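In the working numbering, the protein residues as written are 2 to 488.
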């Protein structure tokens, strides 16, 4: 089935509370997608974020981000009063510091009402999600009690989960634990309603999960045996990418690396559980850094750059077979960007999952891969660019004159037409799925870039600050029909 969709993070939606939410603006975006004859809405990870605000560094592989909860929906459900909803703010770049200070105050009022008389729906939610919810809530409660210190800086007894320390924390922090469980109930109640609405409109949600968990997460704290640690919850090796034309020192992510021998011995039980959960809350799941299952870049913990890392063998086909056992062979997108060895290509082929094509890379002289559209195959997903790329208009303005001229020769267009030409080339390609970032449909420049890898400061802050232009949905629908991508 040839189809298309739009990439738009939840946090980039407009709205009155300083960040995109799961409220009426999200429902309106679903309506826009349906009018534009799109079949998919791709988002970024929805987990709770910490220092740096990256959705790829979450406190949990299973929890939802409290920042996305819509106060208005809590009020309509009776958990807040109208005068408890904060005043509206102008839509602009996200101020995570303001969210960090405001959200817990407001959400605690709603949680206190729920916990004073827990509803059957809340109790059912806690039972259904108990395999991660209890650990996550305890982790967050302890973290708050430790002044939000990272896991590595907790007292030894708590960090290493000594039974007496854990029992004492559960008793002393019972109220805080219940608060974090209630907040997750609010999030998933709103998320489920949005997903049901989207599916009823013919829109499938494409979720995104990082391959790695955060070093400051309930996942590492609860299952240290699954990761490369020294036995006292300190990491021995961390994740990243080697130096390349885009980053001279490589990328130092700092995430825990898996102890794949332990995962294999358990039949990849944790990963099966994670993927089953992901495919229950999304319709399609994109796995970030898929090549890491074949081999992964290993950096000594404590290094300041990724330059001294080395490659280690991953689980490869054993992991693929385990995922096929748990999920079948569909509903997965493999993010296979970067340096791909023959072994990685063979693993991807064995998986049956579609890989990714990036139109900008086709014309970037720094990119060694071949992303020219005439080389694509059907089992792939094509993008003009992703959240890690500058917008296509920004690429046109900032790329070398030689690269822009090459793109214009190939796409038979003038430089000022390049963004639309790249979009059309994506839609015209043989790739089964084409995903276009909303910022590219709007022809926005570098100011709408979502993330610049290996940098800090202004990432994850862009929001749509103006109404969508009249006629945009009809324009997108017309091209979708023209290139026969109406699902």
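Idealized CB from N, CA, C, for every residue including glycine. Remember, predicted model here, so these are calculated numbers, not experimental data.
Distance CB(residue 276)-CB(residue 324) smaller than 8 angstroms:
Stepping through the chain shown from its first residue, residue 276 is reached at position 275. Stepping through the chain shown from its first residue, residue 324 is reached at position 323. Cβ distance < 8 angstroms, so residue 276 and residue 324 count as in contact.
Within the region 189-238, ranges of the beta strand (DSSP E) (whole runs, at least 3 residues)
With a minimum length of 3 residues, the continuous beta strand (DSSP E) runs that stay inside the region 189-238 are 205-210.
If you pair each beta-carbon of the region 255-269 with each one of the region 361-380, do three or more pairs fall below 8 angstroms?
They do not touch, by the three-pair rule.
Rounded to the nearest angstrom, what separates residue 206 and residue 369 at their Cα positions?
Position 205 of the chain shown holds residue 206. Position 368 of the chain shown holds residue 369. Cα-Cα distance, rounded: 31 angstroms.
Residue environment, residue 33, which counts as buried when at least 16 other CB atoms sit within 10 Å:
As a working note, residue 33 is residue 32 in the chain shown. Counting other Cβ atoms within 10 Å of its Cβ, residue 33 reaches 16 or more and is therefore classed as buried.
Rounded to whole angstroms, what is the Cα-Cα separation between residue 80 and residue 270?
On the chain shown, residue 80 is found 79 positions in, with the first residue counted as 1. On the chain shown, residue 270 is found 269 positions in, with the first residue counted as 1. Roughly 37 angstroms separates the two Cα atoms.
Quick one: any contact between the region 72-86 and the region 218-235, if contact means 3 or more CB pairs under 8 angstroms?
Here the region 72-86 makes no contact with the region 218-235; the two share fewer than three CB pairs at distances below 8 angstroms.
Kindly list the residues whose CB is nearer than 7 angstroms to the CB of residue 317, restricted to its own chain and excluding five residues on each side of it in sequence; keep chain order.
Residue 317 sits at position 316 when you count from the first residue of the chain shown. Excluding sequence neighbours, residue 317 sits near 294, 295 and 348.
When you compare only the Cα positions, how much space is there between residue 90 and residue 103?
Within the chain shown, the letter at position 89 stands for residue 90. Within the chain shown, the letter at position 102 stands for residue 103. Within the model, the alpha-carbon separation for residue 90 versus residue 103 is close to 13 angstroms.
Once you ignore the five residues that flank residue 367 on each side, which residues in its own chain have a CB closer than 7 angstroms to its CB?
Here residue 367 is taken as the residue at index 366 of the chain shown, counted from 1. Cβ within range, chain order: 246 and 247.
Just to check my reading of the structure: residue 273 and residue 327 have Cβ atoms closer than 8 angstroms, yes? What is that Cβ distance to the nearest angstrom?
Within the chain shown, numbered from 1, the residue matching residue 273 stands at position 272. Within the chain shown, numbered from 1, the residue matching residue 327 stands at position 326. With a Cβ gap of about 4 angstroms, residue 273 and residue 327 count as contacting.
Where the alpha helix (DSSP H) through residue 318 begins and ends
Here residue 318 refers to the residue found at position 317 of the chain shown. Per DSSP, residue 318 belongs to the alpha helix (DSSP H) from 318-328.
Straight-line Cα distance separating residue 119 from residue 260:
To locate residue 260, count along the chain shown from 1; it is residue 259. To locate residue 119, count along the chain shown from 1; it is residue 118. Using only the alpha carbons, I get a separation of about 40 angstroms.
Once you ignore the five residues that flank residue 252 on each side, which residues in its own chain have a CB closer than 8 angstroms to its CB?
In the chain shown, the residue the question calls residue 252 occupies position 251. Hits under 8 angstroms: 241, 242, 307, 454 and 455.
Work out the CA separation of residue 116 and residue 208 for me, nearest whole Å.
As a first step, residue 208 must be located in the chain shown, where it is residue number 207. As a first step, residue 116 must be located in the chain shown, where it is residue number 115. Distance between the alpha carbons of residue 208 and residue 116: 30 angstroms.
Closer than 8 angstroms by C-beta to residue 226: which residues in its own chain qualify, once you throw out the five before and the five after it? Chain order, please.
Taking the first residue of the chain shown as position 1, residue 226 is located at position 225. If the five residues before and after residue 226 are omitted, its C-beta is found closer than 8 angstroms to the C-beta atoms of 260 and 263, all from its own chain and listed in chain order.
Look at the Cβ atom of residue 63, then the Cβ atom of residue 133, and state whether they are nearer than 8 angstroms.
The residue labelled residue 63 in the question sits at position 62 within the chain shown. The residue labelled residue 133 in the question sits at position 132 within the chain shown. With contacts defined by Cβ atoms closer than 8 angstroms, residue 63 and residue 133 form a contacting pair.
Between the beta-carbon of residue 123 and the beta-carbon of residue 188, is there less than 8 angstroms?
Along the chain shown, read from residue 1 onward, the residue named residue 123 stands at position 122. Along the chain shown, read from residue 1 onward, the residue named residue 188 stands at position 187. Judged by their CB atoms, residue 123 and residue 188 are not nearer to each other than the 8 angstroms cut-off.
For the alpha helix (DSSP H) holding residue 286, just list the boundary residues, first then last.
Indexing the chain shown from 1 puts residue 286 at position 285. DSSP places residue 286 in no alpha helix (DSSP H) but in the uninterrupted beta strand (DSSP E) bounded by 285-288.
Three or more C-beta pairs closer than 8 angstroms, one from the region 2-16 and one from the region 426-437: is that the case here?
Output reads yes: the region 426-437 touches the region 2-16.
Rounded separation between residue 84 and residue 462 - CA only
Sequence index remark: in the chain shown, residue 84 carries index 83 (1-based). Sequence index remark: in the chain shown, residue 462 carries index 461 (1-based). Residue 84 and residue 462 have their C-alpha atoms some 28 angstroms from each other.
Would you grab the beta carbon distance between residue 404 and residue 362 for me? Rounded to a whole angstrom, and I think it's under 8 angstroms.
Within the chain shown, numbered from 1, the residue matching residue 404 stands at position 403. Within the chain shown, numbered from 1, the residue matching residue 362 stands at position 361. Incorrect: roughly 11 angstroms between the Cβ atoms, too far for contact.
What span of residues does the beta strand (DSSP E) with residue 255 cover, start to end?
To locate residue 255, count along the chain shown from 1; it is residue 254. Membership of residue 255 in the beta strand (DSSP E) is indicated by the continuous run 252-257.
Residue 148 and residue 69 - do their beta-carbons sit closer together than 8 angstroms?
Here residue 69 is taken as the residue at index 68 of the chain shown, counted from 1. Here residue 148 is taken as the residue at index 147 of the chain shown, counted from 1. When the beta-carbon positions are compared, residue 69 and residue 148 stay at least 8 angstroms from each other.
Would residue 170 and residue 139 qualify as a contact pair, given that the criterion is a beta-carbon distance under 8 angstroms?
Taking the chain shown and counting its residues from 1, one reaches residue 170 at position 169. Taking the chain shown and counting its residues from 1, one reaches residue 139 at position 138. Cβ distance < 8 angstroms, so residue 170 and residue 139 count as in contact.
Just how far apart, CA to CA, sit residue 345 and residue 44?
The count along the chain shown starts at 1 and reaches residue 345 at position 344. The count along the chain shown starts at 1 and reaches residue 44 at position 43. Roughly 25 angstroms between the two C-alpha positions.
CB-CB length for residue 60 against residue 217, believed under 8 angstroms:
Start at 1 with the first residue of the chain shown, and residue 60 comes out as number 59. Start at 1 with the first residue of the chain shown, and residue 217 comes out as number 216. Their Cβ separation, rounded to whole angstroms, is 7 angstroms, which keeps residue 60 and residue 217 in contact under 8 angstroms.
Under 8 angstroms, with one C-beta from each stretch per pair, do the region 380-388 and the region 397-412 reach the 3-pair mark?
In this structure the region 380-388 does not touch the region 397-412; the number of beta carbon pairs closer than 8 angstroms is below three.
Cβ-based neighbour list, residue 184, same chain, cut-off 8 angstroms, excluding 5 preceding and 5 following
For the purposes of this step, residue 184 is taken as the residue at position 183 of the chain shown. Around residue 184: 67, 70, 108 and 112.
Beta bridge counterpart(s) of residue 74 as assigned by DSSP
Counting from one through the chain shown, the residue named residue 74 turns up at place 73. Among the bridge pairs identified by DSSP, residue 74 is matched with none.
Any chance you could list the alpha helix (DSSP H) runs of at least 4 consecutive residues sitting entirely within the region 110-143, in chain order?
If only uninterrupted alpha helix (DSSP H) runs of at least 4 residues are considered, those enclosed by the region 110-143 are 121-129.
Count the other CB atoms, across all protein chains shown, that sit within 10 Å of the CB of residue 457; report buried if there are 16 or more and exposed otherwise.
Residue 457 sits at position 456 when you count from the first residue of the chain shown. Around the beta carbon of residue 457, a 10 Å sphere encloses fewer than 16 other beta carbons of the protein chains shown; the residue is thus reported as exposed.
Strictly by DSSP, which residues pair up with residue 468?
Residue 468 sits at position 467 when you count from the first residue of the chain shown. Per DSSP, none; premise fails for residue 468.
With a 10 Å radius around its C-beta and 16 neighbouring C-beta atoms as the bar for buried, classify residue 482 as buried or exposed.
For the purposes of this step, residue 482 is identified with residue 481 of the chain shown, where counting begins at 1. Classification of residue 482: exposed, given that the 10 Å Cβ count is below 16.
Measuring only the C-alpha atoms, how far is residue 286 from residue 160?
Locating residue 286 in the chain shown gives position 285, counting from the first residue. Locating residue 160 in the chain shown gives position 159, counting from the first residue. Going from the Cα of residue 286 to the Cα of residue 160 covers about 32 angstroms.
Between which two residues does the alpha helix (DSSP H) containing residue 261 stretch?
Residue mapping note: residue 261 aligns to position 260 of the chain shown, counting from 1. Judged by DSSP secondary structure, residue 261 falls within the alpha helix (DSSP H) whose first and last residues are 261-266.
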